[in-house]
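Below: one structure, written as structure tokens.
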Amino acid sequence: KKLSIPITVSRVLKYIPELQKQVDGLEKKKEELTRASCKPGVLTMKENTAPIVSATCLDDREIMVQVSLVSTMAGVLPMSKCIKVLENEGLRLISSSTSAFQNRTFYSLHLQRTQRTMSKECPAFCEELENALTQKAGLRLHHHQ
Numbered sequence: 004k005k006l007s008i009p010i011t012v013s014r015v016l017k018y019i020p021e022l023q024k025q026v027d028g029l030e031k032k033k034e035e036l037t038r039a040s041c042k043p044g045v046l047t048m049k050e051n052t053a054p055i056v057s058a059t060c061l062d063d064r065e066i067m068v069q070v071s072l073v074s075t076m077a078g079v080l081p082m083s084k085c086i087k088v089l090e091n092e093g094l095r096l097i098s099s100s101t102s103a104f105q106n107r108t109f110y111s112l113h114l115q116r117t118q119r120t121m122s123k124e125c126p127a128f129c130e131e132l133e134n135a136l137t138q139k140a141g142l143r144l145h146h147h148q
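FYI, in this note's numbering the residues of the sequence shown are 4 to 148.
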């Protein structure tokens, strides 16, 4: 179904500050990693390869989940596994895409909440999804604060 222009604009206006927060968090993380990379042995292999997972509520029914991981880990955490985990959490896939840049693979999943998840508050539910994805993937959570 096609969304009306005002609805699309209001979603974008809600989504931009959330993206800005993520960008700020990633810039802070980049600074920390840049400082840490100067000290040998600070980053373990486990920390380097942990995926970065972020879930964002687009509105009360739709959620966007983004996963960024080192390309060599894509075999350990394929998109199909992400979809299965999210479906088990009560979401239905609307669309998905994958892209790669340098040595990273990115999954973007657009999902719809099912009736059984509607009572859950959005920010907390998104955090629950992030945890479920990283735990079920058998990987350590690397939060994007």
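Just so it is clear, CB atoms sit at the ideal spot from N, CA and C, and this is done for glycine as well.
It should be emphasised that the depicted structure is a prediction, and the values quoted were computed from it without experimental measurement.
C-beta atoms of residue i and residue j nearer than 7 Å
i, j, result
"L112", "A58", "no"
"G93", "T120", "yes"
"C60", "C129", "yes"
"L80", "P54", "yes"
"Q115", "E34", "no"
"K139", "V88", "yes"
Nearest to residue i (by Cα), restricted to the options the options
i, options, result
"R14", "E35, M67, K33 and K31", "M67"
"A135", "V56, S7, Q118 and E21", "V56"
"T101", "K17, Q69 and P126", "Q69"
"D63", "I8, K17 and Q23", "K17"
"A103", "M82, E90, I10 and T117", "M82"
"C125", "E21, N91 and I8", "E21"
"T117", "A127, S99, S98 and N91", "N91"
Residues that DSSP places opposite residue i in a beta bridge
i, result
"Q138", "Q138 is not bridged to any residue."
"M67", "T59 and H113"
"T108", "L72 and A103"
"L94", "R116"
Coarse secondary structure for residue i, derived from DSSP in three states
i, result
"R14", "helix"
"G44", "Low confidence applies to G44: its pLDDT is 47, below 50, so where it sits in the model is not reliable, and the reading given next is rough at best. G44: coil per DSSP, three-state reduction."
"E35", "helix"
"Q148", "Low confidence applies to Q148: its pLDDT is 36, below 50, so where it sits in the model is not reliable enough to give any reading."
"A127", "helix"
"E172", "Given a span of 4 to 148 for the chain in the structure shown, any question on residue 172 remains unanswerable."
"M121", "coil"
"V88", "helix"
"L6", "coil"
"L80", "coil"
"P54", "coil"
Three or more C-beta pairs under 8 Å: does that hold for the segment 106–123 against the segment 70–88?
yes
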